[in-house]
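Down below is the structure, laid out as structure tokens.
There are 2 protein chains.
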Amino acid sequence: MKKVDTESRQKSIFNAIVESYVDSATPVGSRAIAQRFRNTISPATIRNVMADLEEKGLIMHPHTSAGRVPTDKGYRFYVDSLLEPKHLTKEEESIINKLIRQSTGDIEHVMQNISKAISLATNVAGIVLMPRLKRSIFKHIELFNMDNSKIMAVIVTTSGFVKNSIMDFEEHLTGQELTRITEFLNSELEGVSLGEIKSYLTRKLLEERDSFYIFLKRAADILSVSSLFRADDHLYFDGAACIMSHPEFTDIRKARLFLMACEDKKELLSLLNEDMEHEGINIHIGKENIYNDIQDYSIVTCNYNINGVTVGAIAAMGPTRMEYGKVISVLKHISAELGKALENLG
Amino acid sequence: MKKVDTESRQKSIFNAIVESYVDSATPVGSRAIAQRFRNTISPATIRNVMADLEEKGLIMHPHTSAGRVPTDKGYRFYVDSLLEPKHLTKEEESIINKLIRQSTGDIEHVMQNISKAISLATNVAGIVLMPRLKRSIFKHIELFNMDNSKIMAVIVTTSGFVKNSIMDFEEHLTGQELTRITEFLNSELEGVSLGEIKSYLTRKLLEERDSFYIFLKRAADILSVSSLFRADDHLYFDGAACIMSHPEFTDIRKARLFLMACEDKKELLSLLNEDMEHEGINIHIGKENIYNDIQDYSIVTCNYNINGVTVGAIAAMGPTRMEYGKVISVLKHISAELGKALENLG
DNA sequence: AATAGCACTCTAAGTGTTAGAGTGCTAATC
DNA sequence: GATTAGCACTCTAACACTTAGAGTGCTATT
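This is how it looks when you write it as structure tokens:
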């Protein structure tokens, strides 16, 4: 009985330490925590508990006479076991929604505004991964001749995305031939995801040996020449300025390192691509990150869906000392709104 | 005779002051300048000249016992009268060209890499304005039906840009009708710039009252519903991290202000749009900028062309203390390369 | 006209000092 | 046995003070 009580108190003190530190950015001492508990527990007791927490590796001492700071492990424990869902205020929601709604028309603009919304609402950097076309479902294709043996292909997905490509095609096809190939592809590819089209066609090519073969062959050739399926890796980023307001960046070198980590899109890209596979929120705290450059920071990611299919991810990135609760709810909210916005766009 | 000699010496001393300051970022004293002239002039003399230069408003004193620093007016004089064209080294050129070449395929990627190239080569922030479609020349249009009364329009410019738009159109048109409208537009709009298409059609509409009228009307209606001509304002930015290495940003608040200025794309956009109208290099030094947020910095811009038509601009932005000579030649070079790259893309 | 010399100014860096926040330990208390 | 008060100890951040040195402007000299 007693044991349980002690443990739960330890938890609630640890919780107080994390929240106080996240709020103030200064190492938190026993006195401050005591006050948080309206002095129902004395500083001395708290010091004892703190010593235990330190032994467990959840908090640490910057130096002898300083307060305590959560470790990466501490944040992990906090996020996994203590964090309570936090609702956005009406205000916050309306700011976010306004920003999303106001981005009319092209998708670029939507993405840009989403990253801004994330950074504004969370106070850390906002990152948005462009919807991966590969995940989208084929709906319609049009092929037509441009001048001198150039063919233009326009492909439309069920979610309304359009991608086009102009290509050189060695043999000249008449408009009629192209129209027939187009009709063929449109009837054949319905419901196939863009990522699978190539393998789908080559598979067909092996099966089929009859009159359709020539169509298939030409269609496959055209599509393989086109750049329609080239990887569309694109990240949108915002919040470089807002991140600078955090005290962890008073040293300009730290700020610079952070910005460099942000500019190296390769690592962020593979991180987001990986997290996209896991439904919902993913959290990477400090040293948990496999990429060196970002081991001082935390990244929280969240996938987003169009018509139920995961097509991309958004993320917030900042110091390990961030408001995880808020960040999580903001990302969840924005992810949903983004999905809706993209559905309407199509 | 004597007079000329004095004046030219004044100039060369001023030149030395600017270059020394640009290089070292610390106020430059008479001794340092004397050494630059291999002590052929004594510090005392230089002090006298400096006093004259200060009176002219070209340099200033941060405080009594500090060296001199060029003023905005000083930089202006330097840029207008003293600056000698500076050639890029083979190395620099190859780094730039490599970065441009490696950006395969989509234009997004090219723009992103160009901004990176600018920042890498100049050591300040790089900014790129997306090619303005309005300036491009109509080449080809395709219209086709998607499901339930949605029409898809794809427009291609002579420089190979493609823009598309899916729109709701109240009255249903058969494929045949659409084809005829398409053919009509293709024959009618050849050589017209995208920016003029709308006014071109309405003008035609007023002139024409015969059998073509119905075509014209429908075509104009379709195009006006589409988002094809929506403003395509988009900026690409790079170099936030690299700018932090300059000593003017050791104070994080300054860095933050700079980043905020960069993130406020509206002002940059109108600046670039304006400068685009003037061929070649444009330089805005400090307080010369009409926008408050950027009055502590300098911006150098340069338009770029596709097939001889100006379609966009690139820029470098940083502290007023920047290597103007280098920045100018980098921008000129990249502007030309960018034009070529975009011509090949189409 | 150019320069050497000198008194003067201001900053940046280093040194000491101190207040205060925080700790850990021990002994007293509930 | 858990909690707490008390106390000696530690470390930092802030402040005052000093000083070296870089730079100036002025005046007298070449």
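Respectively, the protein sequence lines represent chains A and B. As numbered in the numbering used here, residues 1375 to 1720 make up the first sequence, in order. As numbered in the numbering used here, residues 1375 to 1720 make up the second sequence, in order. For each residue, glycine too, the CB sits at the ideal point set by N, CA and C.
### Message
To be precise: take each residue of the stretch 1629–1643 of chain A, compare its Cβ to all Cβ atoms of chain B, and keep it if any distance is under 7 Å. Which residues remain?
### Response
Cβ contacts with chain B come from Ala1629, Arg1630, Leu1633, Met1634, Glu1637.
### Task
Look at the Cβ atom of A:Pro1505, then the Cβ atom of A:Phe1535, and state whether they are nearer than 8 Å.
The residue you call residue 1505 of chain A lines up with position 131 of the first sequence. The residue you call residue 1535 of chain A lines up with position 161 of the first sequence. For A:Pro1505 and A:Phe1535, yes; Cβs fall inside 8 Å.
### Query
Does the stretch 1658–1668 of chain B come close enough to the stretch 1454–1462 of chain B that 3 or more CB-CB pairs lie under 8 Å?
no
### Message
Measuring straight from C-alpha to C-alpha, what distance separates B:Thr1445 and B:Ser1394?
### Response
The count along the second sequence starts at 1 and reaches residue 1445 of chain B at position 71. The count along the second sequence starts at 1 and reaches residue 1394 of chain B at position 20. Taking the straight line from one Cα to the other gives about 14 Å.
### Query
With distances taken from CA atoms, which of A:Leu1633, A:Phe1512, A:Asp1638, A:Ile1596 is nearest A:Met1541?
In the first sequence, counting from the first residue as 1, residue 1541 of chain A sits at position 167. Per the Cα distances, A:Ile1596.
### Cut-off 7 Å between Cβ atoms - residues of its own chain near B:Ala1687, not counting five sequence neighbours on either side
Along the second sequence, read from residue 1 onward, the residue named residue 1687 of chain B stands at position 313. Contacts found: Leu1503, Leu1646, Asp1649, Met1650, Thr1675, Cys1676, Asn1677, Tyr1678.
### Message
Per DSSP, what are the beta-bridge partners of B:His1514 in this structure?
### Response
Position 140 of the second sequence, counted from the start, is the residue given in the question as residue 1514 of chain B. For B:His1514, which the question treats as bridged, DSSP gives the partners B:Val1530.
### Query
Which class does A:Thr1400 belong to by DSSP, given the choice of helix, strand or coil?
Numbered from 1 along the first sequence, position 26 holds the residue referred to as residue 1400 of chain A. Reduced to three states, the DSSP call for A:Thr1400 is coil.
### Message
Just verifying my parser: in three-state terms, what is the DSSP assignment at A:Leu1503?
### Response
Here residue 1503 of chain A corresponds to residue number 129 of the first sequence, with the count starting at 1. The answer is strand: DSSP assigns A:Leu1503 an E or B state.
### Task
Mark B:Tyr1698 as exposed unless 16 or more other C-beta atoms lie within 10 angstroms of its C-beta, in which case mark it buried.
Position 324 of the second sequence holds residue 1698 of chain B. So B:Tyr1698 ends up on the buried side.
### Task
Check whether the Cβ atoms of B:Ile1387 and B:Ile1407 sit closer than 8 Å, and answer yes or no.
What you label residue 1387 of chain B is simply residue 13 of the second sequence in a count that begins at 1. What you label residue 1407 of chain B is simply residue 33 of the second sequence in a count that begins at 1. The answer is yes: Cβ separation under 8 Å.
### Message
For the beta strand (DSSP E) containing A:Tyr1678, name the first residue and the last one.
### Response
Within the first sequence, numbered from 1, the residue matching residue 1678 of chain A stands at position 304. First-last of the beta strand (DSSP E) with A:Tyr1678: 1671–1680.
### Delimiting residues of the beta strand (DSSP E) encompassing B:Pro1459
Counting from 1 along the second sequence, the entry for residue 1459 of chain B is found at position 85. That residue, B:Pro1459, is in no beta strand (DSSP E); it is neither H nor E in DSSP.
### Task
State the DSSP-derived secondary structure class of B:Thr1414, mapped to helix, strand or coil.
Looking up residue 1414 of chain B in the second sequence gives position 40. Three-state result, B:Thr1414: coil.
### Query
Shorter than 8 Å from the beta carbon of A:Phe1518 to some beta carbon of chain B?
For the purposes of this step, residue 1518 of chain A is taken as residue 144 along the first sequence, with counting starting at 1. Answer yes: the Cβ-Cβ gap between A:Phe1518 and chain B drops below 8 Å somewhere.
### Query
Using a C-beta to C-beta distance shorter than 9 Å, which residues of chain B count as neighbours of A:His1546?
Looking up residue 1546 of chain A in the first sequence gives position 172. Here the premise fails: no neighbours, minimum Cβ distance about 17 Å.
#### Entry: Span separating the alpha-carbon of B:Lys1578 from that of B:Leu1590
Translated into the one-based positions of the second sequence, residue 1578 of chain B becomes position 204. Translated into the one-based positions of the second sequence, residue 1590 of chain B becomes position 216. Roughly 8 Å separates the two Cα atoms.
### Query
According to the Cβ coordinates, are A:Gly1441 and A:Val1392 closer than 8 Å?
Residue 1441 of chain A sits at position 67 when you count from the first residue of the first sequence. Residue 1392 of chain A sits at position 18 when you count from the first residue of the first sequence. Their beta carbons are not under 8 Å apart, which means A:Gly1441 does not touch A:Val1392 by this criterion.
### Query
Under the DSSP definition of a beta bridge, which residues are partnered with A:Ser1567?
What you label residue 1567 of chain A is simply residue 193 of the first sequence in a count that begins at 1. Per DSSP, A:Ile1511.
#### Entry: At least 3 beta-carbon pairs within less than 8 Å: the stretch 1480–1493 of chain A vs the stretch 1607–1622 of chain A
Under the Cβ criterion (8 Å, minimum of three pairs), the stretch 1480–1493 of chain A counts as touching the stretch 1607–1622 of chain A.
### Query
Just how far apart, CA to CA, sit B:His1658 and B:Ala1689?
As a first step, residue 1658 of chain B is located in the second sequence; it is residue number 284 there, counting from the start. As a first step, residue 1689 of chain B is located in the second sequence; it is residue number 315 there, counting from the start. Approximately 11 Å between the Cα atoms of the pair.
### Query
For the putative contact between B:Asp1607 and B:Leu1643, defined by C-beta atoms under 8 Å, what is the C-beta separation to the nearest angstrom?
The sequence position of residue 1607 of chain B within the second sequence is 233, counting from 1. The sequence position of residue 1643 of chain B within the second sequence is 269, counting from 1. Rounded, the Cβ-Cβ distance is 5 Å, consistent with contact.
### Query
Which stretch, first to last residue, makes up the alpha helix (DSSP H) that contains B:Lys1447?
Sequence index remark: in the second sequence, residue 1447 of chain B carries index 73 (1-based). Note, B:Lys1447: alpha helix (DSSP H), 1446–1451.
### Query
Which residues, in chain order, does the stretch 1655–1669 of chain B contribute to contact with chain A at a C-beta distance below 8 Å?
none
### Task
Rounded to whole angstroms, what's the CA-CA distance from A:Asn1745 to B:Ala1593? Just pull it up for me.
One cannot answer for residue 1745 of chain A here, as it falls past the ends of chain A, which runs 1375 to 1720.
### Message
In the DSSP assignment, the alpha helix (DSSP H) including B:Phe1632 goes from what residue to what residue?
### Response
Here residue 1632 of chain B refers to the residue found at position 258 when the second sequence is read from its first residue. Counting along the chain, the alpha helix (DSSP H) containing B:Phe1632 begins and ends at 1626–1637.
### Query
Taking one C-beta from the stretch 1515–1527 of chain B and one from the stretch 1512–1520 of chain A each time, how about it: are there three or more such pairs within less than 8 Å?
yes
### Task
Let me know if B:Gly1660 comes out buried or exposed under the rule of 16 or more other beta-carbons within 10 Å of its beta-carbon.
Against the second sequence, residue 1660 of chain B aligns to sequence position 286. That one is buried.
### Message
Within 10 Å of its beta-carbon, does A:Asn1422 have 16 or more other beta-carbons around it, so buried, or fewer, so exposed?
### Response
Position 48 of the first sequence holds residue 1422 of chain A. Its Cβ having fewer than 16 others within 10 Å, A:Asn1422 is exposed.
### Query
Terminal residues of the continuous alpha helix (DSSP H) containing A:Ala1614?
Within the first sequence, the letter at position 240 stands for residue 1614 of chain A. Segment 1614–1617, the alpha helix (DSSP H) holding A:Ala1614.
### Task
Output, in chain order, the set of chain A residues within a Cβ distance shorter than 9 Å of B:Met1541.
By 1-based counting over the second sequence, the position of residue 1541 of chain B is 167. Result: empty, since nearest Cβ-Cβ is about 11 Å, beyond 9 Å.
### Helix, strand or coil at A:Asp1542 [DSSP, three-state]
Your numbering for residue 1542 of chain A matches position 168 in the first sequence. If DSSP states are grouped into helix, strand and coil, A:Asp1542 belongs with the strands.
### Query
For A:Met1526, which residues of its own chain have a beta-carbon under 6 Å away from its beta-carbon, when the five flanking residues on both sides are left out?
Your numbering for residue 1526 of chain A matches position 152 in the first sequence. Closer than 6 Å at Cβ, skipping near neighbours: Phe1518, Met1520, Ile1540.
### Task
Examine chain B for any beta-carbon lying closer than 8 Å to the beta-carbon of A:Lys1626, and answer yes or no.
Here residue 1626 of chain A is taken as the residue at index 252 of the first sequence, counted from 1. Contrary to the premise, residue 1626 of chain A reads as Ile rather than Lys in this sequence. By this cut-off, A:Ile1626 is an interface position.
### Coarse secondary structure for B:Arg1695, derived from DSSP in three states
Counting from 1 along the second sequence, the entry for residue 1695 of chain B is found at position 321. Residue state, collapsed to three classes: coil.
### Query
Going by Cα to Cα distance, which pick from B:Lys1430, B:Arg1412, B:Asp1379, B:His1435 is closest to B:Val1402?
Position 28 of the second sequence, counted from the first residue, corresponds to residue 1402 of chain B. Of the candidates B:Lys1430, B:Arg1412, B:Asp1379, B:His1435, the one whose C-alpha sits nearest the C-alpha of B:Val1402 is B:His1435.
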